[in-house]
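One gets my numbering by counting positions in the sequence shown from 1 and adding 3 to each. Data block below; observations after.
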Amino acid sequence: MIRGIFFSIFLLQLISFNFAQEITPQELAKKFSSPARWHKLLHYKSGLFGLQSEADGEGFFFHPEGNKDPKKEFLASYQALLKEGPINDDHPICRFPARFKFFKEISPAFKKRSLKNCSAFQKFFKKINPKRVSLVFSSYFLDTPASAYGHTLLRFSKEEDNTEEFDLLDYATNYAATVTTNNSLLYAIMGISGGFKGEFSAIPYFYKVREYNDYESRDLWDYQLNLTPDQLHYMVAHIWEMKQTYFSYYYLTENCSYHMLGLIDVARPELKLTERSPYFVAPVDTIKIAVETPGLVRKITFRPSKRKIVQSKLDGLTPQEQEYFQEIYHKKNPGLIPEDFSKKAKAKIMDTAIDYLDYEYAQEMIKEAPQIMKWKRKYLIARAKLGISSPESKIPLPESERPEMGHPTRRFSLMAGETSKNGMFYNLEYRFAMHDFLDAHHGQNPLAVMEMVNVQLRYYPKMKERNERSRLELDKVSLINVTNLNPIRPYFKSTSWRFNLGLETIRDYTCHKKCLSSFFELGGGPAIKIGKHLLTYSFITTRVDVAKGIASRGYRAQLGPEALVLYRIKNGLNFLIHGNYFWNFFTKSKQKSYSYGSALRYTFIKNMAIDLNFKRLKKEGEVGLGYRLYF
């Protein structure tokens, strides 16, 4: 009886084994060429013309039609990875370890094969040594257009608990465009139209910290992900495969953020993160998608920028300590601190001086400029002679600045109002991205305006001035509108500036009739922040308008002062006053023009706000009430 049972079990196992061995590649393809993981490994995406891989390098596919046919690529990959002969770095198994891992999980034909002889891949995997992985967001940096909306990358931690103590030993995976031009206009056109190759790279995380955190003074937000060792293996193996291809880089769609989601999808294809991303994806959208995915984000940590660290240390100095900090720093002589100061006070002053030197000469530090390094060594030697350690100065995670807390990037607005010349009007606005001073500022850059493609239409039910029944006109299009404020404070005196480019309907005396003009504005000057609520700037601004009906030459230039005062009553409730006074050039009469106004915005429900606006031009005034929806 017992023998019969054992014989039956053995027979069933034998039949099962033989059945598994007899599964044909065609049967496997029918079953496994459509599941999410295979599609994520090949980066297939549904579009207007059916299924298509986003990967553009021909070396990524084994079948001529593999970029659009998952089943054909499945069969071709299956045969390629079973290629006879020695398995070395040139073998398809070693070039496509993630694909090999996928086939080994579903087909016994790969059971006796392994990656142990793939020396280059094994070296790469050992170098990465992933125990944890984090999605990292580098905050907004307006001085570089490509980084104005932030940046995302992946950090692979060598430590199980992902502590900050050892994170500079980690590796990061970055996706970026390979830029081939220094021309700003050409750069913008090629970046939007996919004219650059986008490629993955794995580099020491230290370099990205030095670039973003130190040199550019950007905060780094770290979102540790919940992935198993097996899922981490898939991700790292797939990053290795990315050497075989490239992607057409699109600044607004297939950018750094989008492809970070793609790598996470390879590890956990059931999440379908790329399918949940908006068509136009900003780096912060990636963070929001990750945080909103149940169970994906394990922990959030924060690495403050060098500027933020220095500000914190300067604020911690007493007035007397600040006095000696200035003296030893400007004279580059740490020996000027009085002997009767305690070692603790001396250490505090010297630590601040060393950090400030790192901040002020960040670029020179990267290049190891001899004079700067000499100064730093002098401070370090004096500091070491004190023979005491300083308490760790840790800046707590600022909850209100968390990127995912910000309002959505896109905005739709509807406004009703009245003008002194033409009576009632209705404004319809769509803003592609991203933020202005009146928007709720939590999670945003509170010292900046960052707008791209803001389109405003205006409809008049009856035009009193022209005695027309109704009129629909393009009121304004801002292609790029940026204001970057660096409030004046001791030791930090960066210039504030703004730039605006687009089209606008001109409503002052230089147009006999209202005319649509292309324009650009550029201004700069000081900004001041008073407490937590009040922000103001005063700029000298120039503006150039070009339109057929404007002045007699078809263009004009303006120059003059402008000012803005912003009072943040609380997050989501903001009030501002603005005004300008311009002298006009290249017009028949040297008349002056001005405008002033005020605005109040209240975000009464999450992602919804109401506006009350007043504006006065030299010959026309208007008031309006608006509704804004963020999505």
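C-beta: ideal position from N, C-alpha, C; glycine also.
Do you know how far the Cα of residue j is from the Cα of residue i?
| i | j | result |
| --- | --- | --- |
| Ala566 | Asn487 | 14 Å |
| Gln24 | Lys114 | Low local confidence applies: a pLDDT of 48 at Gln24 is under 50, so the model's placement there is unreliable, with the coordinate-based value given in what follows. Near 11 Å, if we compare the C-alpha coordinates of Lys114 and Gln24. |
| Ile195 | Thr256 | 9 Å |
| Glu395 | Thr355 | 13 Å |
| Leu266 | Glu108 | 19 Å |
| Gly426 | Asn616 | 16 Å |
| Thr176 | Ala205 | 4 Å |
| Val269 | Asp170 | 24 Å |
| Gly601 | Asn185 | Strictly speaking, residue 601 in this sequence is Ser, with Gly absent from that position. Straight-line Cα distance between these residues: approximately 40 Å. |
| Asn216 | Ile543 | 31 Å |
| His581 | Asn574 | 20 Å |
| Phe3 | Leu450 | Because the chain in this structure spans residues 4 to 634, residue 3 falls outside the shown range and cannot be described. |
| Leu628 | Leu519 | 24 Å |
| Ser80 | Thr412 | 40 Å |
| His445 | Gly50 | 36 Å |
| Lys622 | Arg434 | 28 Å |
| Val626 | Ser541 | 24 Å |
| His410 | Lys595 | 39 Å |
| Asn120 | Thr277 | 34 Å |
| Glu326 | Tyr558 | 53 Å |
| Arg571 | Arg619 | 23 Å |
| Ala151 | Leu360 | 26 Å |
Quick one, are the C-beta atoms of residue i and residue j less than 8 Å apart?
| i | j | result |
| --- | --- | --- |
| Pro2 | Ala240 | Here the chain comprises residues numbered 4 to 634, so residue 2 is not present and cannot be evaluated. |
| Leu31 | Arg102 | no |
| Ser220 | Lys316 | no |
| Tyr597 | Tyr605 | no |
| Phe144 | Thr155 | no |
| Leu320 | Lys351 | yes |
| Ala2 | Phe588 | Absent from the model: residue 2. The displayed extent of the chain is 4 to 634, so no value can be given. |
| Pro133 | Phe159 | yes |
| His407 | Val294 | The residue asked about is misnamed: residue 407 is Glu in this sequence, not His. Yes, they are a contact pair. |
| Arg301 | Gln227 | yes |
| Lys379 | Ile398 | no |
| Leu274 | Thr296 | yes |
| Gln55 | Lys71 | yes |
| Gly527 | Ser499 | yes |
| Tyr462 | Leu475 | yes |
| Tyr208 | Asp164 | no |
| Gly197 | Pro286 | no |
| Tyr237 | Glu202 | no |
Under three-state DSSP, which class holds residue i?
| i | result |
| --- | --- |
| Arg619 | strand |
| Cys518 | strand |
| Ser150 | helix |
| Leu475 | strand |
| Arg40 | helix |
| Gln24 | Low local confidence applies: a pLDDT of 48 at Gln24 is under 50, so the model's placement there is unreliable, with the coordinate-based value given in what follows. Reduced to three states, the DSSP call for Gln24 is helix. |
| His215 | Inspection of the sequence shows that residue 215 is occupied by Tyr rather than by His. If DSSP states are grouped into helix, strand and coil, Tyr215 belongs with the helices. |
| Tyr254 | coil |
| Tyr237 | helix |
| His444 | coil |
| Phe634 | coil |
| Glu53 | The question names Glu, but residue 53 in the sequence shown is Gly. The answer is strand: DSSP assigns Gly53 an E or B state. |
| His262 | helix |
| Glu108 | helix |
| Glu421 | strand |
| Ser396 | coil |
| Val284 | coil |
| Glu625 | strand |
| Gly62 | helix |
| Asp225 | strand |
| Pro406 | helix |
| Gly582 | strand |
| Arg271 | coil |
| Thr289 | helix |
| Pro67 | coil |
| Lys467 | coil |
| Leu299 | coil |
Using a Cβ-based criterion (distance less than 7 Å to any ligand heavy atom), does residue i qualify as near the ligand NAD?
| i | result |
| --- | --- |
| Leu84 | With respect to the ligand NAD, the structure shown offers nothing to examine, as it has no ligands at all. |
**Message:** Counting beta carbon pairs with one atom in the region 475-487 and one in the region 452-463, are three or more of them shorter than 8 Å?
**Reply:** These segments touch.
**Prompt:** What runs of the beta strand (DSSP E), each 3 residues or longer, lie entirely inside the region 515-579?
**Reply:** 518-528, 530-533, 537-549 and 558-573
**Asked** Does the region 618-634 come within contact of the region 412-426, defined as at least 3 CB pairs closer than 8 Å?
**Response** yes
**Prompt:** Are there three or more Cβ pairs, one per stretch, closer than 8 Å when the region 426-435 is compared with the region 372-391?
**Reply:** no
**Prompt:** For the region 301-389, which segments carrying the beta strand (DSSP E) assignment without a break, of at least 3 residues, lie completely within its bounds, in sequence order?
**Reply:** The qualifying runs do not exist here; there are none.
**Message:** Please give the ranges of any alpha helix (DSSP H) in the region 75-150, keeping only runs that are unbroken, at least 4 residues long and fully inside the region.
**Reply:** 95-98, 100-109 and 122-131
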